[in-house]
Every structure is written in structure tokens, then in C-alpha cells.
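Enquirer: Right, I'll just put the structure down here and ask away after.
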Amino acid sequence: MSGTVTAPERTAGGRERPPGRPRVLLAPITVTPSKPLTPSHLKGLLWTDVMYRASSRVADVTYRYSPTAYHLTEQTLGFWEYLDRAVGDADYSGLSEEEIGELYVGYRAEEERPGAAALRPYAEAVEEDGWVHPAGARVLQLWAGHYARLGMHDPGLREHQPPALGAEQSLERLAELGFCLDLRHCGGPVYLDATRYGLPLRQIVDPDGRPNYLACMMRELLPLAASFDEIVLLYDRELEADYHLVERVLAASGAAVRRVVLGRVPIDGRIRSARHGGWEGHTVGALLRELGEEYDDPVLRLGVRLYFIAVLGAGQQQSFRWEVLRQSMARASRLLTGDRPRDPAPVAEVLARHRKDHLHVNPYRLTAGLLARHRPAPARDLLEAVYL
Amino acid sequence: MTGTLNAVERTALLTAALRAAETAREDRLFDDPYAAPLAGDTGFALLRELREATLPPGEKRSAPSTPDYNAIRTRFLDEYLHDAVHRDGVAQIVLAPAGMDSRAYRTDWPDGTRYFELDRPAVLAHKEERLASERPRVDRRAVPLDLAAPGWEEELLRAGYDPDRPSVWLVEGLLYYLPEEDAHRLLERVAALMAPGSRIAADLVNAAALTLPDVQVLLKVFADWGCPWVFGTDEPEALFAAHGLKAEAVQPGEPAADYGRWPDPVPPRSVPGVRRVFFVHGRKQPA
Chain B
1 MSGTVTAPER TAGGRERPPG RPRVLLAPIT VTPSKPLTPS HLKGLLWTDV
51 MYRASSRVAD VTYRYSPTAY HLTEQTLGFW EYLDRAVGDA DYSGLSEEEI
101 GELYVGYRAE EERPGAAALR PYAEAVEEDG WVHPAGARVL QLWAGHYARL
151 GMHDPGLREH QPPALGAEQS LERLAELGFC LDLRHCGGPV YLDATRYGLP
201 LRQIVDPDGR PNYLACMMRE LLPLAASFDE IVLLYDRELE ADYHLVERVL
251 AASGAAVRRV VLGRVPIDGR IRSARHGGWE GHTVGALLRE LGEEYDDPVL
301 RLGVRLYFIA VLGAGQQQSF RWEVLRQSMA RASRLLTGDR PRDPAPVAEV
351 LARHRKDHLH VNPYRLTAGL LARHRPAPAR DLLEAVYL
Chain Z
1 MTGTLNAVER TALLTAALRA AETAREDRLF DDPYAAPLAG DTGFALLREL
51 REATLPPGEK RSAPSTPDYN AIRTRFLDEY LHDAVHRDGV AQIVLAPAGM
101 DSRAYRTDWP DGTRYFELDR PAVLAHKEER LASERPRVDR RAVPLDLAAP
151 GWEEELLRAG YDPDRPSVWL VEGLLYYLPE EDAHRLLERV AALMAPGSRI
201 AADLVNAAAL TLPDVQVLLK VFADWGCPWV FGTDEPEALF AAHGLKAEAV
251 QPGEPAADYG RWPDPVPPRS VPGVRRVFFV HGRKQPA
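Heads up: the protein sequence lines correspond to chains B and Z, in order. Per the numbering used here, the first sequence starts with residue 1, numbered consecutively. Per the numbering used here, the second sequence starts with residue 1, numbered consecutively.
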């Protein structure tokens, strides 16, 4: 977990970098654009956003979040095929994300899954033309609006960001690293194989050739790994076993890998998957409708970050509670307008306190530190750089 | 059953009552739905006594706020364990002592995690009686033993603890009740069971917290219950370092352990003659 590779003089994107600044890749789990964003999603997005903005002040940070790379999963292509088959030629441009999410729940409830042949034209359109189904494009458009309102950096939700490696290339690269068990020659699947580390085999391509999200991730992250001093993976606790595998693979490419595990946000004490619905009244859209009129942008932006990062923490013990979210809004207002003396330390120095033995800034430590009542209030520069 | 608990063990019921009270707060720092049944009438009676002594009606609080301290400690250690298990991949958790801790029941843990609860038989029996209808969410292994007696290490090994694998230990709410030499002895024995890189966290007070006038009202409550605070140190890092544990100390009210809750200013460590409490956390160093 602590290896460091020799730094090239340019970032993965070809930008020149100032000498001495470490290079950090933030690679959070992506959300499939087939349903509304929920509090669990928002928590992950805000953690990543604060980490990105804070770390960017002290390191050269790339925030890699490519919906394009994951459109090829069965989860997404199957939904698009279902829409065209079951809904037909609809106009999605006026639908809400909740309405599209209801269609997704209908797809997930189907007993039969479309076969590989039915999905192939969709996969080809994504690969060859960068095509996005209008329903997916509509959801991403709505999310971009949420990002803007909440002051979150948009990592390219609506941009075409194909992975650098093709499917076969990524499997070859995995084989070179010793992590690929390919049984396609006898009609079987492809496994990610880290059994030498005591980890179980994990199928990433099914016998019909369909990749899952891990195969898509390998295409995206394998070619990037060697260009960074540190890779930070942020993901849901339910995916922990998969991410132990990912950590092993990326570390073999020479990067120091950090895993940040986030619990979901229970609603009324229950953790639900958005694929089954049940989000009514608790989507990010609903949250913005509820609070957006009441609070101005700075209070809203700081308040949601205090709540979803500092109050809820990384675990998943506490259910979403409107009254506590409102308390965070009140705290945000006091932090922005109060007359407590402000921390005179330079922003970079404040941020460096929250790096410890890694290169990225820990968003929880940074944000939880804002709550201490008998400390100087955060400098306006820090709030502007990271929270507003 | 509570009649068989000794004085220190009865404070575990007080801690459970404090956690139950925290769970009822709108701005709670954690949820512990098991705290109220674990506390029982005895725990809530102890909490009433504590409140009456330290928060007399119409008077300003002078002693440290036990409810806030307890809430912050629980949240801090919740997060400490989360980090050890999810970031470091530690699969052995040891509570020494366990008291009325309910993390095995109220928190999800990865498959394969072993959760050892060490405490005297009467304490574990009380907990199992109160939580008889509940199922832990982890491979919980209650190990009845006496941490002051010789040979408890063998009991832990028999219960499936592997000293060659990484572990994380919590020594919560204990060290200030032990004479200094006993605190050293316990840390020495614990450290001997930890593989290099294993983690440990504990809470401590400093020496001034045993003598300053504004703490007396709190100290008297515990002394009257038969469990006086007898040990504190201003150098918690050195206490742990003496046993091969490289540690740092955080005080409630510092940014890493405040959560918007600690009510009092925290003077810098260089200021002498100030009452302090510490959350000490560290790692076992290679031999």
C-alpha cells in the first residue's frame, strides 16, 4: 500500500506538471444513469468532490469518472434494450430522473434477461459511435444540473470518455500481470484471478462475452495506473471484496493504492438499492426542491457537505434525517457569517494537516474539523476552494 | 444479575445508560438501540446520580461533561474500528474489556471478522441475558476471563485468536481505574499478543484530572461508587511507547474528536495544570 513509482514529467492527460507535486488519481465508483441520485449516491459524490478540490491544492489530481466506460455493462445495455422493446420510441427529454428510474425498476423486475445477441448492437453503438441512449443522456443532463447547484466539480458526465484500452487489450494486460484466467477457449468465462493472494476468483466476462463493471474498470484504470503516485478508490462497502481485487491489480502496475470505503445512507433504518425503487421523497432532486428555495447557494453547498461527510461519517449507522440536515445548514450559516476569528494559516498548510501518510487530503478529517467550536473558524479562502 | 457486578463493572451499565441517552438525542453522534436494555434500571439510576452531582439544577457545570465525553468517545472508537477493518483489512477485533459494548450487534462487519469480547463472566452473562433475543452481526466470541489474573492469554488463544495475524484492540473505559503498575502490566500483556502493525486505542486522563478542584465533584461520584480514578498521565504516548506501541493522543475538542459537541476549550498540550482526557491510538512496532 505504500509503493511509489518514478514520476513522468507529464500527467496522464498530457498536461505539464509543476515539479515536485505528486500525482493523484481519484477513481470513485460510478453511478449508472438509469435512476435518480439518492442520499447514498450523494454521500459518495460529496466525499469525492471535497477530496478532489482539497487535494488539488496540494497535488496534481485527476478525477476520473467516466459514464462512457461503464455503459457497456449488461446493467446499462439491458435497460436500454428494454426501453426500446417495452417503451418504444418515447420522448425522454421531458422526463424526470424519477420517471426514468421507475422504468428501470420495471426492467429489473423482468424475469427474463435479454440475450447477448440482443445487446450486441447497443454495445457496438457505444464502442464505435459513443452513442448514449436518450434516457441515459437525459439522466446525465439532470445530474449535471444537480452538480452545478451543489457546487460539485463535473468530471465530464456528458462527455465521451472512452477507456484507453480495448476489451481484448485489457485482458492481455491482465494476463501479463498474472491476474487473468481466461476460459473462453472452452466456452467458459474470464476470471480476475488473484488467488495467489488468497482472494477468490471473480468472473469479469461471462461465457457470452459480456463484461461486468470490473472488466470495464480494468479497461479504464489499467492504462492509467502507472502514471500516478497514488490511486484513491472510493466505493460502497458492499463492493469491498471486488475492490480488494482491484487494489491488487493496480498495485501490481506500480501505484500506491488507497481504498476509501463508504457506507450507504439508510432511509428509515433500511439500506435499499436504488434499483428496487423506494426513493420517493429522498432523491437529490427532492432534497434540492426541499432546501433549494430556503437556503442560498453557499449555505446549501457547505451544509450538505457538513452533513454527508462530517455528520454521517464513513459508516452507515445513521439514517438520513431531515432535521439533522437542517442543523447542518444552520451550522454552515454560522460558519459563513459568524464573527469567530478565522484560521490565519495558509490554505495549503491547513490541508496538509489532513494528509497523514498519504498524498490525498482526507475529506472526513478536514470537514469534521470544521465542527470544532473552540477553534478558529475556517478561512474564507478554504471555504471557497473546497466547499462553496 | 447486576448484583454480581463489581464497582468498575457497574460503570459499564452507566456507560450503556449514557449511550441510550445519546441515542435519544436529535443530534446524536451514533445510534445504539441496545444500550437501554443493557443499562437496565441500575444503569439509569447511576446516570441520575451522576447528573444530580455534576449538573445541580440552576448551577453552572464545572466538571467535564460526561455525556459529551462518552458520546465523542463512542463515535471516535466506532470510526477507529471502521478504519482498521475496512482500510487496513484487520479481521480480529478484541475488546479488553468488553463491558456493555454492542458494536457486534449494531454495526455491520466484513465476513470473516472475529470479534472477541473479553470480560469477567458476570459481565458477559449480564450482556447475554439482556441481548438473548438478538443476533450479533459478526462472529462474536465472548471470552470470560479476568484481565488482572494470570493466564487469560491462553483463554483468548483457545477462543480462536491468532497472535500472528493483525488485530485491533480497544481498551475503553478502564485504564484510569487501574493503579499505574497494573496499567503498564495490562498494556505489556496486550502488546505481547499483537502482531506488528496491529492497532490499539484506549482512553486516559492526565494527572491533573485526578486532583484539580473542578473535577472533584466527578471524582467523588466514582469514589463513592467504590471505583475511584487512580491513574492519569500527561505523557500517554510515552506510556504506550514503553510497550512497543507507537501512539498519538487526541483530546476531545480537538478537530479530530469534536463532532461539534465538546463544550469546553482545549488548551494546547504545553499548558500545564489543565485537566485533560485523551484518546490514545497507535500501532505495534516491529520488534
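Backbone N, C-alpha and C define an ideal beta-carbon position, used for all residues, glycine too. Values in this document were obtained by computation on a predicted structure and should not be read as measured data.
Could one say the Cβ of residue 371(B) lies closer than 8 Å to chain Z's Cβ atoms, at least one of them?
Expert: Locating residue 371(B) in the first sequence gives position 371, where the first residue counts as 1. Cβ-Cβ to chain Z under 8 Å: yes for residue 371(B).
Enquirer: Counting only Cβ pairs nearer than 9 Å, list the residues of chain B close to residue 26(Z).
Expert: Along the second sequence, read from residue 1 onward, the residue named residue 26(Z) stands at position 26. Neighbours of residue 26(Z) on chain B, chain order: 321, 323, 324, 327.
Enquirer: Output the residue ranges of the beta strand (DSSP E) runs that lie fully inside the stretch 116–189 of chain B and measure 3 residues or longer, sorted by chain position.
Expert: Qualifying beta strand (DSSP E) stretches, in chain order: 180–182.
Enquirer: Closer than 7 Å by C-beta to residue 221(B): which residues in its own chain qualify, once you throw out the five before and the five after it? Chain order, please.
Expert: For the purposes of this step, residue 221(B) is taken as residue 221 along the first sequence, with counting starting at 1. Counting only Cβ-Cβ distances below 7 Å, and skipping sequence neighbours, we find 27, 250.
Enquirer: Compute the distance between the beta-carbons of residue 226(B) and residue 255(B), then report whether it is under 8 Å.
Expert: On the first sequence, position 226 is the one that residue 226(B) refers to. On the first sequence, position 255 is the one that residue 255(B) refers to. Result yes, Cβ atoms of residue 226(B) and residue 255(B) sit closer than 8 Å.
Enquirer: Flag this pair as touching only if the stretch 90–105 of chain Z and the stretch 130–139 of chain Z have three or more C-beta atom pairs under 8 Å; answer yes or no.
Expert: The stretch 90–105 of chain Z, when compared against the stretch 130–139 of chain Z, does touch it at the 8 Å Cβ threshold.
Enquirer: Taking 8 Å as the CB-CB limit, is residue 313(B) close to chain Z?
Expert: For the purposes of this step, residue 313(B) is identified with residue 313 of the first sequence, where counting begins at 1. It does: the Cβ of residue 313(B) has a partner Cβ on chain Z nearer than 8 Å.
Enquirer: With burial defined as no fewer than 16 other Cβ atoms inside 10 Å of the residue's Cβ, what is the status of residue 60(Z): buried or exposed?
Expert: Reading the second sequence from its first residue, position 60 is the one you call residue 60(Z). Residue 60(Z) comes out exposed.
Enquirer: Taking only beta carbons into account, state which residues of the stretch 11–38 of chain Z come closer than 7 Å to chain B, listed in chain order.
Expert: Listed by position, the residues of the stretch 11–38 of chain Z near chain B (Cβ gap below 7 Å) are 26, 27, 30, 31.
Enquirer: Does the beta carbon of residue 358(B) come closer than 8 Å to any beta carbon on chain Z?
Expert: Position 358 of the first sequence holds residue 358(B). No, no contact with chain Z.
Enquirer: Within the continuous beta strand (DSSP E) that includes residue 278(Z), where are the two ends?
Expert: Within the second sequence, residue 278(Z) is the residue found at index 278, counting from 1. From DSSP, the beta strand (DSSP E) with residue 278(Z) extends over 277–284.
Enquirer: Is there a Cβ of chain A sitting closer than 8 Å to that of residue 197(Z), yes or no?
Expert: As a matter of chain content, chain A is missing from the structure shown, whose protein chains are B and Z.
Enquirer: Mind pulling the chain Z residues with CB within less than 9 Å of residue 251(B)?
Expert: Here residue 251(B) corresponds to residue number 251 of the first sequence, with the count starting at 1. Simply none; closest approach about 13 Å.
Enquirer: List, in chain order, every chain B residue whose beta-carbon is nearer than 9 Å to that of residue 78(Z).
Expert: Reading the second sequence from its first residue, position 78 is the one you call residue 78(Z). The answer, in chain order, is 313, 315, 317.
Enquirer: Nearest-angstrom Cα distance between residue 8(B) and residue 224(B)?
Expert: The residue labelled residue 8(B) in the question sits at position 8 within the first sequence. The residue labelled residue 224(B) in the question sits at position 224 within the first sequence. At residue 8(B), the pLDDT of 37 sits below 50, so the modelled position is not reliable; the number obtained from the coordinates is stated separately. Their Cα atoms are separated by approximately 12 Å.
Enquirer: Please check if any C-beta of chain B sits within less than 8 Å of the C-beta of residue 295(Z).
Expert: Chain Z is shown from 1 up to 287; residue 295(Z) falls before or after that span and cannot be answered.
Enquirer: Would residue 253(Z) count as contacting chain B if we go by Cβ distances under 8 Å?
Expert: As a first step, residue 253(Z) must be located in the second sequence, where it is residue number 253. Yes, contact with chain B.
Enquirer: Compute the Euclidean distance between the alpha carbons of residue 81(B) and residue 95(B), then round it to the nearest angstrom.
Expert: As a first step, residue 81(B) is located in the first sequence; it is residue number 81 there, counting from the start. As a first step, residue 95(B) is located in the first sequence; it is residue number 95 there, counting from the start. Going by the C-alpha atoms only, they are around 18 Å apart.
Enquirer: Is the Cβ-Cβ distance between residue 138(B) and residue 100(B) less than 8 Å?
Expert: Numbered from 1 along the first sequence, position 138 holds the residue referred to as residue 138(B). Numbered from 1 along the first sequence, position 100 holds the residue referred to as residue 100(B). Yes, the pair counts as a contact, with Cβ atoms nearer than the cut-off.
Enquirer: Between 346(B), 292(B), 352(B), 165(B), which has its C-alpha nearest residue 329(B)'s C-alpha?
Expert: On the first sequence, residue 329(B) is found 329 positions in, with the first residue counted as 1. The residue with the shortest Cα to Cα distance from residue 329(B) is 292(B).
Enquirer: Go through the stretch 13–82 of chain Z residue by residue and report every complete run of the alpha helix (DSSP H) that reaches 4 residues or more, in order.
Expert: Qualifying alpha helix (DSSP H) stretches, in chain order: 35–54.
Enquirer: For a contact meaning CB atoms closer than 9 Å, what does residue 374(B) contact in chain Z?
Expert: For the purposes of this step, residue 374(B) is taken as residue 374 along the first sequence, with counting starting at 1. Within chain Z, the residues near residue 374(B) are 253, 258, 262, 263, 264, 265, 266.
Enquirer: Listing by chain order, which chain B residues have their CB less than 7 Å from the CB of residue 110(Z)?
Expert: Within the second sequence, the letter at position 110 stands for residue 110(Z). What residue 110(Z) touches in chain B: 240.
Enquirer: Nearest to residue 285(B) by alpha carbon, out of 149(B), 127(B), 72(B), 134(B)?
Expert: Stepping through the first sequence from its first residue, residue 285(B) is reached at position 285. Per the Cα distances, 149(B).
Enquirer: How many angstroms separate the CA atom of residue 60(B) from the CA atom of residue 73(B)?
Expert: On the first sequence, residue 60(B) is found 60 positions in, with the first residue counted as 1. On the first sequence, residue 73(B) is found 73 positions in, with the first residue counted as 1. Those two C-alpha atoms are separated by around 31 Å.
Enquirer: Can you list, in chain order, the residues of its chain with a C-beta nearer than 6 Å to that of residue 36(Z)? Leave out the 5 residues immediately preceding and following it.
Expert: Here residue 36(Z) refers to the residue found at position 36 when the second sequence is read from its first residue. Closer than 6 Å at Cβ, skipping near neighbours: 20.
Enquirer: Between 93(B), 70(B), 252(B), which has its C-alpha nearest residue 194(B)'s C-alpha?
Expert: To locate residue 194(B), count along the first sequence from 1; it is residue 194. Looking at the Cα atoms, 252(B) is the closest of the given residues.
Enquirer: Measure the alpha-carbon distance for residue 248(B) versus residue 333(B) and round it to whole angstroms.
Expert: Here residue 248(B) refers to the residue found at position 248 of the first sequence. Here residue 333(B) refers to the residue found at position 333 of the first sequence. Between residue 248(B) and residue 333(B), the C-alpha separation is close to 43 Å.
Enquirer: Indicate the three-state DSSP secondary structure (helix, strand or coil) for residue 47(B) in the structure shown.
Expert: Counted from its first residue, the first sequence places residue 47(B) at position 47. Here residue 47(B) sits in helix by DSSP.
Enquirer: Step through the CB atoms of chain B and report whether any lies within less than 8 Å of the CB of residue 74(Z).
Expert: Along the second sequence, one-based indexing puts residue 74(Z) at 74. Judged by the 8 Å Cβ criterion, residue 74(Z) is not in contact with chain B.
Enquirer: Kindly give me the distance between the Cβ atoms of residue 342(B) and residue 378(B), rounded to whole angstroms, as I take these residues to be in contact under 8 Å.
Expert: Residue mapping note: residue 342(B) aligns to position 342 of the first sequence, counting from 1. Residue mapping note: residue 378(B) aligns to position 378 of the first sequence, counting from 1. Rounded, the Cβ-Cβ distance is 7 Å, consistent with contact.
Enquirer: Any Cβ of chain Z within less than 8 Å of the Cβ of residue 5(B)?
Expert: Within the first sequence, residue 5(B) is the residue found at index 5, counting from 1. Below a pLDDT of 50, predicted positions are generally treated as unreliable, and residue 5(B), at 28, falls in that range; the measurement from the model is reported next regardless. No, residue 5(B) does not count as interfacial toward chain Z.
Enquirer: In the structure shown, what three-state DSSP assignment does residue 189(Z) receive?
Expert: Here residue 189(Z) corresponds to residue number 189 of the second sequence, with the count starting at 1. In this structure, residue 189(Z) counts as helix in the three-state DSSP scheme.
Enquirer: Taking the DSSP output, what are the residues bridged to residue 62(B)?
Expert: Translated into the one-based positions of the first sequence, residue 62(B) becomes position 62. According to DSSP, residue 62(B) bridges with 25(B).
Enquirer: Helix, strand or coil: which one does DSSP assign to residue 295(B)?
Expert: Here residue 295(B) corresponds to residue number 295 of the first sequence, with the count starting at 1. Reduced to three states, the DSSP call for residue 295(B) is coil.
Enquirer: According to the Cβ coordinates, are residue 178(Z) and residue 231(Z) closer than 8 Å?
Expert: For the purposes of this step, residue 178(Z) is taken as residue 178 along the second sequence, with counting starting at 1. For the purposes of this step, residue 231(Z) is taken as residue 231 along the second sequence, with counting starting at 1. In this structure, residue 231(Z) lies closer than 8 Å to residue 178(Z) by Cβ.
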